[in-house]
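Colleague:
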Amino acid sequence: MSFLYLFGKGTKISKYLIEHDKIYEAEITLGKKTETEDAEGEIIEETEVDIRNLEKAHVQTILENFIGKQKQIPPMYSAIKVKRKKAI
117 MSFLYLFGKG TKISKYLIEH DKIYEAEITL GKKTETEDAE GEIIEETEVD
167 IRNLEKAHVQ TILENFIGKQ KQIPPMYSAI KVKRKKAI
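Heads up: the sequence shown is residues 117 to 204, going by our numbering.
1) What residues match up with residue 150 in a beta bridge as DSSP calls it?
2) Compare the Cα-Cα distances from residue 161 to each of 150, 169, 168 and report the closest residue.
3) Indicate whether residue 191 and residue 127 have their beta-carbon atoms separated by less than 8 Å.
4) Going by DSSP, what residue range makes up the alpha helix (DSSP H) through residue 175?
5) Does the beta-carbon distance from residue 163 to residue 155 come in below 8 Å?
6) Cβ of residue 148 within 8 Å of Cβ of residue 159?
7) When the Cα atoms are used, what is the spatial distance from residue 135 to residue 174?
8) Between which two residues does the alpha helix (DSSP H) harbouring residue 131 extend?
Given below as structure tokens:
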């Protein structure tokens with residue numbers, strides 16, 4: 117298995133790689149909400165997590181929803197640009 121990391125100007129070739137299979141690795145934090153909808157933002161809400169929701173079978177069922185093509189909605193603080201200007 118090999119990995120390709122793109123950064124800086126190298127990200128411009130990502131459009132040629134988009135249709136290839138990808139594997140993602142993630143680290144999650146449960147029970148916290150940030151102002152930027154990512155790990156970098158200030159925590160604005162914390163809730164207790166029901167440990168029953170972390171049972172392997174339940175987590176496996178949820179993760180299976182992420183297999184295949186996905187339509188992503190970027191967070192409002194993302195680097196997305198509209199007409200060459202940051203969206204927010």
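A virtual CB, placed ideally from N, CA and C, is assigned to each residue, including glycine.
Modeller: This is what the structure gives:
1) 159
2) 150
3) no
4) 172 to 180
5) no
6) Taking 8 Å as the Cβ cut-off, residue 148 and residue 159 qualify as a contacting pair.
7) 29 Å
8) Note, residue 131: alpha helix (DSSP H), 130 to 133.
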